Amino acid sequence: GAVVSQHPSWVICKSGTSVKIECRSLDFQATTMFWYRQFPKQSLMLMATSNEGSKATYEQGVEKDKFLINHASLTLSTLTVTSAHPEDSSFYICSASPRLAVYEQYFGPGTRLTVT
Amino acid sequence: KQEVTQIPAALSVPEGENLVLNCSFTDSAIYNLQWFRQDPGKGLTSLLLIQSSQREQTSGRLNASLDKSSGRSTLYIAASQPGDSATYLCAVSGAGSYQLTFGKGTKLSVIP
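Chains A and B supply the protein sequences, listed in that same order.
Numbered by my numbering, the letters in the first sequence go through residues -13 to 102 in order.
Numbered by my numbering, the letters in the second sequence go through residues 8 to 119 in order.
Shown next, in the form of structure tokens:
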């Protein structure tokens, strides 16, 4: 149980275009989902926290107009990187907390984004 | 602001050896501490979760301890195997918050 999927697993896009990454909780309802970014040889850095049906809370230094997060249902959150640039190339990982166990997080497999 | 440090950054051991990975955190007011495993280019696999009221957790060859007052945790791996080669991440969640703060990880290589 407690499986989280991400789609796509990897994506290459051209500079200036937008790309959407999906995060789904497959067998539980997730009140809260988190989006992290991981650069090579670095740790995971929290980008934003999203609660179903409300606006996401972004960490300091993360541009909310560039990284659009939508958490429209209890099983799906999306991250859209708008006007992507090469410096946005990174590994993006989502996690989800079950509605009945908000202090637990289950992580997706990650999405490798390369912007050319 | 919580900071999590992991030492060493990398570790190479021969197969069969027992080893210890270290994690320290600056704010002892945590809710829980987790150890994760990350394989190259992959997501995170949760290994052990220790609640702030607990001292240790065990799963198979893994044992994690927590000393909240000193801000330290250790992950002990017994009889290491080549399949244990991965990066091990330590993360803490603060009291009253379910956000996780991660360390940079320890990259473990177990040599056959």
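Yeah, the Cβ is synthetic: ideal placement off N, Cα and C, and Gly gets one too.
Quick caveat, the model's predicted, so the values are computed rather than measured.
Legend: CB atoms of the segment 58 to 83 of chain B lying less than 8 Å from CB atoms of chain A are not found in any residue. In this structure, A/A82 sits away from A/M31, with a CB-CB distance that is not shorter than 8 Å.
Contacts between B/L55 and chain A, judged by CB atoms closer than 9 Å, are missing: the closest CB pair is about 13 Å apart. Setting aside the 5 residues that flank it on each side, B/P15 is surrounded in the same chain by T113, each with a C-beta closer than 7 Å to its C-beta; the list follows chain order. Per DSSP, reduced to three states, the secondary structure at A/P84 is strand.
Ranking B/T65, B/R68, B/T108 by CA distance to the CA of B/I37 puts B/T108 first. In the three-state reduction of the DSSP assignment, A/E73 falls in the helix class. With a threshold of 16 other beta carbon atoms within 10 Å, B/V27 falls short and is exposed. Residue pairing from DSSP leaves B/N25 without any beta-bridge partner. Contact check for A/T97 against A/Y78 passes: the beta carbons are separated by less than 8 Å. Inclusion of B/G78 and B/C97 in the CB contact set at 8 Å is not warranted, their separation being larger than that value. Taking the Cα positions, B/S31 is about 10 Å away from B/L73. Between A/T61 and A/R10, the gap from beta carbon to beta carbon is short of 8 Å. Per DSSP, A/V101 is one residue of the beta strand (DSSP E) stretching across 97 to 101.
Secondary structure of B/G90 (DSSP, three-state): helix. Annotation: Cβ neighbours of A/R98 in chain B (cutoff 8 Å, chain order): G48.
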